[in-house]
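Protein chains in written order, with our numbering: chain A, 356 to 700; chain B, 356 to 700.
Report on the structure given below.
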DNA sequence: CTGAAAGCGCTTACAG
DNA sequence: CTGAAAGCGCTTACAG
């Protein structure tokens, strides 16, 4: 493995000049430059990044905008873990990470956290753009400062983010529908259950539901799909009433809950001993794992929460340190979890 | 962030002495050692790994024993890609990788490659132990030299490997069975198709079949499972005869092929227009992707081939460079692929 | 038992 | 346009 010194000797110049050529800095005669470039090519010289990192002695800071994590059963626990894993791996490059937390149910909290983030100086940002309008307003400042940013978990169209890391929500709904079609028989109806609070937050729930419905449009014989929106998942009497209304009025066999709120629906099924109902939902929380184990939930679609954080972080890092330009959309695998494979994640 | 120099100043010693303490090298008085340790703790000093790597200027070499890759549709193409990706990432630590190739259908070729590998000097080995007996014989030398090794793809019990990275074959069979039970109806039989050449090679095929059968043992009403072994997948007349024999004699609806050879069975189904048959197999090759697209194959179980190589490499690297001891068994996710999620890998 | 100095392969002022 | 030298934070002989 050749070093800058070797190249310099071969070209009969100083290492400073070689360095200038390597980084395309001005102040080298055309002739010298071409000679050095030729030698570099011929000897397949590759810069020693360890030495470079040490010499630069530059510290990078990546800002992360993410919901507060209440407990390990929180959905955001895993993306955070992924971010931390990536942070450890890139720590050798003197990269530090600053977190800015917000309450995912409160857009004011989101704005405040984003404001606080913008008051700091950093080299790149990893953002969960849960509130679309508020995100848009704040991005202007990042764009002005030319700070690169990556979105994760929530897809946000039309911004200058260098990448999005997360699931293709619409297609995940299609997969859910395919599985549902295997679970239920002819002449049996399906109920999609949304939660108002979820829907306000972001479009993923709508996209999942649309994908789900699109699958059945192509099916013959057609399958009836009913839809309800629960105003508040914690208002149990209303939840009870709305669901049981559907169950008595229609011949419902399959339930699709396009969010992690499937936990509450599973509780409902368990309590009311409605084991014949087939249930598909999203996200592997500890509670959902229990419901998968006892087969109250038949299938879960996993968002690769850990990997969202991990890959988001790595993408930013590779962009700012190694000049690697990522794909604009990094769609993660749509993972299907069921009792038989939930052990292996 | 404190440096060794800072710590030395605080302790009124030279950096050489601090270095001795950090690495627990002898030649430091108890008193000085304790003082330095205290200061390190109090200031939460962490060594700069970049500087360490540069100063050590040590090169590591990892040997890889893997089947020859004929084309990009080869199963081993992806593990190799994973190994290469990991290699790039760890290149900054001056780690190089040497490959030793063998023909996976010829145990003599395996022995030769392993012999050649052992003639080289290296710091760790990543091994696909396709031939169990031959692997066992060669491991002795690795153990004697105290060279750490990791197995990938094929599980090999009772060796001193620091880790195994791959799938839990038995459980993947259970998952396949669960999906199969959704695809077929009551009173419909299942046929398991094995290929002789596969079975000789390693136990994964047997484990998958066992897992598959175990699932149906618990089912009521019981489902009939038939089994055939094809002597040679390329002897088409025999393949034809053996399969059509089964199809005429039994009421078969589902086919389970516990290996990537599902490609050939899919071809058979396609040619003979047996679209009503449900087919589950393993591994996403280019050909299998086509059969998933046109729904000749209903589901594929994916082994995370890429990740096997990637994670195997990283595991070894972290072990030799960062002293990270891995789990003995690193079972990867059992991924279920179907038309609707095959785009996202 | 301890320290001073050279070296790892780069980058970066500074001098000419 | 080019070079010599100091420095990044470690490790490693070598001297005492």
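Where a beta carbon is used, it is the ideal one built from N, C-alpha and C, also for glycine.
TODO: Measure the alpha-carbon distance for residue 685/A versus residue 657/A and round it to whole angstroms.
DONE: Here residue 685/A refers to the residue found at position 330 when the first chain is read from its first residue. Here residue 657/A refers to the residue found at position 302 when the first chain is read from its first residue. Using only the alpha carbons, I get a separation of about 16 Å.
- [ ] Would you kindly report the start and end of the unbroken beta strand (DSSP E) that includes residue 657/B?
- [x] By 1-based counting over the second chain, the position of residue 657/B is 302. 654-657 is the extent of the beta strand (DSSP E) around residue 657/B.
Task: Alpha-carbon spacing of residue 378/A relative to residue 477/A, whole angstroms - done: Stepping through the first chain from its first residue, residue 378/A is reached at position 23. Stepping through the first chain from its first residue, residue 477/A is reached at position 122. Cα to Cα, the separation comes out at about 23 Å.
Open item on the list: For residue 526/A, would you say it is in contact with chain B, using Cβ-to-Cβ distances shorter than 9 Å as the test?
Closed with: Counting from 1 along the first chain, the entry for residue 526/A is found at position 171. By this cut-off, residue 526/A is an interface position.
Task: Under 7 Å by beta carbon: chain B residues contacting residue 610/A - done: On the first chain, position 255 is the one that residue 610/A refers to. Neighbours of residue 610/A in chain B, taken as residues whose beta carbon is under 7 Å from its own, are absent, since the nearest beta carbon is some 17 Å off.
Task: Contained alpha helix (DSSP H) runs [length at least 4] in the stretch 358-441 of chain B, N- to C-terminal order - done: Qualifying alpha helix (DSSP H) stretches, in chain order: 359-366, 370-377, 385-397 and 404-411.
TODO: Output the boundary residues of the beta strand (DSSP E) element that contains residue 633/A.
DONE: Taking the first chain and counting its residues from 1, one reaches residue 633/A at position 278. Here the beta strand (DSSP E) through residue 633/A covers 633-637.
Task: Contacts around residue 550/A, its chain only, beta-carbon distance under 6 Å, and the 5 residues preceding and following it disregarded - done: In the first chain, counting from the first residue as 1, residue 550/A sits at position 195. Cβ neighbours of residue 550/A beyond the five flanking positions: 585, 588 and 616.
Task: Residue range of the unbroken beta strand (DSSP E) whose run includes residue 493/B - done: For the purposes of this step, residue 493/B is identified with residue 138 of the second chain, where counting begins at 1. Premise fails: residue 493/B lies in the alpha helix (DSSP H), 487-500, not in any beta strand (DSSP E).
Task: Per DSSP, the bridge partner or partners of residue 544/B - done: Against the second chain, residue 544/B aligns to sequence position 189. 607/B, per the DSSP bridge assignment.
Task: Run of the alpha helix (DSSP H) containing residue 515/A, from where it starts to where it stops - done: Residue 515/A sits at position 160 when you count from the first residue of the first chain. Segment: none, residue 515/A is in no alpha helix (DSSP H) and carries neither H nor E.
Open item on the list: Just to confirm before moving on: does the CB-CB distance between residue 629/B and residue 609/B stay below 9 Å?
Closed with: Position 274 of the second chain, counting from 1, holds the residue named residue 629/B. Position 254 of the second chain, counting from 1, holds the residue named residue 609/B. The Cβ-Cβ distance between residue 629/B and residue 609/B does not fall below 9 Å.
Task: Coil, strand or helix - residue 582/A by DSSP - done: Taking the first chain and counting its residues from 1, the one referred to as residue 582/A is at position 227. In the structure shown, residue 582/A sits in a strand (DSSP, three-state: E or B).
TODO: State yes or no: is the beta carbon of residue 603/B nearer than 9 Å to at least one beta carbon in chain A?
DONE: Walking along the second chain from the start, residue 603/B turns up at place 248. Under the Cβ criterion of 9 Å, residue 603/B is not counted among the residues facing chain A.
Open item on the list: By the three-class DSSP mapping on this structure, what secondary structure does residue 575/B have?
Closed with: The count along the second chain starts at 1 and reaches residue 575/B at position 220. Three-state DSSP puts residue 575/B in coil, outside helix and strand.
TODO: Please look up how many angstroms separate the CB atoms of residue 664/A and residue 507/A, rounded, as I've assumed it's under 8 Å.
DONE: Along the first chain, read from residue 1 onward, the residue named residue 664/A stands at position 309. Along the first chain, read from residue 1 onward, the residue named residue 507/A stands at position 152. Residue 664/A to residue 507/A, Cβ: 7 Å. Contact.
TODO: Give the residues of chain B in contact with residue 406/A, contact being defined as C-beta atoms less than 7 Å apart.
DONE: In the first chain, the residue the question calls residue 406/A occupies position 51. Here the neighbours are 409.
TODO: Measure from the C-beta of residue 651/A to each C-beta in chain B and report whether the shortest distance is under 9 Å.
DONE: Translated into positions along the first chain, residue 651/A becomes position 296. By the rule that beta-carbons nearer than 9 Å mark a contact, residue 651/A does not touch chain B.
- [ ] Indicate the three-state DSSP secondary structure (helix, strand or coil) for residue 673/B in the structure shown.
- [x] Translated into the one-based positions of the second chain, residue 673/B becomes position 318. Three-state result, residue 673/B: helix.
Task: Neighbouring residues, chain A, relative to residue 415/B (Cβ below 8 Å) - done: One-based indexing of the second chain puts residue 415/B at position 60. Those within 8 Å of residue 415/B in chain A number zero; the least Cβ separation is about 13 Å.
TODO: Tell whether a beta-carbon distance below 9 Å holds between residue 675/A and residue 415/A.
DONE: Your numbering for residue 675/A matches position 320 in the first chain. Your numbering for residue 415/A matches position 60 in the first chain. By the CB criterion at 9 Å, residue 675/A and residue 415/A fall inside the cutoff.
Open item on the list: I'd like to check one pair, residue 659/B with residue 522/B: are the Cβ atoms closer than 9 Å?
Closed with: Against the second chain, residue 522/B aligns to sequence position 167. Against the second chain, residue 659/B aligns to sequence position 304. Taking 9 Å as the Cβ cut-off, residue 522/B and residue 659/B qualify as a contacting pair.
- [ ] Could you check the C-alpha separation between residue 561/B and residue 622/A for me, to the nearest Å?
- [x] What you label residue 561/B is simply residue 206 of the second chain in a count that begins at 1. What you label residue 622/A is simply residue 267 of the first chain in a count that begins at 1. CA-CA distance, residue 561/B to residue 622/A, rounds to 39 Å.
Open item on the list: Could you check whether residue 642/A and residue 697/A sit closer than 9 Å to each other, using their CB atoms as the reference points?
Closed with: Position 342 of the first chain, counted from the start, is the residue given in the question as residue 697/A. Position 287 of the first chain, counted from the start, is the residue given in the question as residue 642/A. Not closer than 9 Å, so no.
Open item on the list: At the level of alpha carbons, what is the spacing between residue 441/A and residue 482/A?
Closed with: Counted from its first residue, the first chain places residue 441/A at position 86. Counted from its first residue, the first chain places residue 482/A at position 127. Distance from the CA atom of residue 441/A to the CA atom of residue 482/A, rounded to whole angstroms, is 15 Å.
TODO: Ignore the nearest five residues each way along the sequence and tell me which others in residue 496/A's own chain have a CB closer than 6 Å to its CB.
DONE: Taking the first chain and counting its residues from 1, the one referred to as residue 496/A is at position 141. Once the five neighbours on either side are set aside, the close Cβ partners of residue 496/A are 473.
Task: CB contact check: residue 522/B to chain A, cutoff 9 Å - done: Residue mapping note: residue 522/B aligns to position 167 of the second chain, counting from 1. Judged by the 9 Å Cβ criterion, residue 522/B is in contact with chain A.
Open item on the list: In the DSSP assignment, the alpha helix (DSSP H) including residue 483/B goes from what residue to what residue?
Closed with: On the second chain, position 128 is the one that residue 483/B refers to. Residue 483/B -> no alpha helix (DSSP H), and no H or E assigned at all.
Task: Backbone CA spacing between residue 401/B and residue 374/B [nearest angstrom] - done: On the second chain, position 46 is the one that residue 401/B refers to. On the second chain, position 19 is the one that residue 374/B refers to. If you draw a straight line from the Cα of residue 401/B to the Cα of residue 374/B, it comes to about 12 Å.
- [ ] For residue 699/A, name the three-state secondary structure that DSSP assigns.
- [x] Numbered from its first residue, the first chain carries residue 699/A at position 344. Looking at residue 699/A - three-state DSSP - the assignment turns out to be coil, as it is neither helix nor strand.
Open item on the list: On the DSSP bridge list, what partners appear for residue 684/A?
Closed with: For the purposes of this step, residue 684/A is identified with residue 329 of the first chain, where counting begins at 1. In the DSSP output, where bridge partners are listed per residue, residue 684/A has 519/A.
Task: Between the CA atoms of residue 654/B and residue 690/B - distance to the nearest angstrom - done: Stepping through the second chain from its first residue, residue 690/B is reached at position 335. Stepping through the second chain from its first residue, residue 654/B is reached at position 299. If I take the Cα positions, the gap works out to 10 Å.
- [ ] Could you tell me whether the Cβ atoms of residue 661/B and residue 652/B are closer together than 9 Å?
- [x] As a first step, residue 661/B must be located in the second chain, where it is residue number 306. As a first step, residue 652/B must be located in the second chain, where it is residue number 297. Going by C-beta atoms, residue 661/B is not nearer than 9 Å to residue 652/B.
Task: Contact list for residue 665/B against chain A, beta-carbon separation under 7 Å - done: Numbered from its first residue, the second chain carries residue 665/B at position 310. Under the 7 Å cutoff, chain A gives no residues; its nearest Cβ is about 13 Å from residue 665/B.
- [ ] Look at the Cβ atom of residue 494/B, then the Cβ atom of residue 515/B, and state whether they are nearer than 9 Å.
- [x] Looking up residue 494/B in the second chain gives position 139. Looking up residue 515/B in the second chain gives position 160. A contact, by the Cβ cut-off of 9 Å.
TODO: Would you grab the beta carbon distance between residue 597/A and residue 537/B for me? Rounded to a whole angstrom, and I think it's under 8 Å.
DONE: If you number the first chain from 1, residue 597/A lands on position 242. If you number the second chain from 1, residue 537/B lands on position 182. The C-beta distance from residue 597/A to residue 537/B rounds to 29 Å, too long to meet the 8 Å contact threshold.
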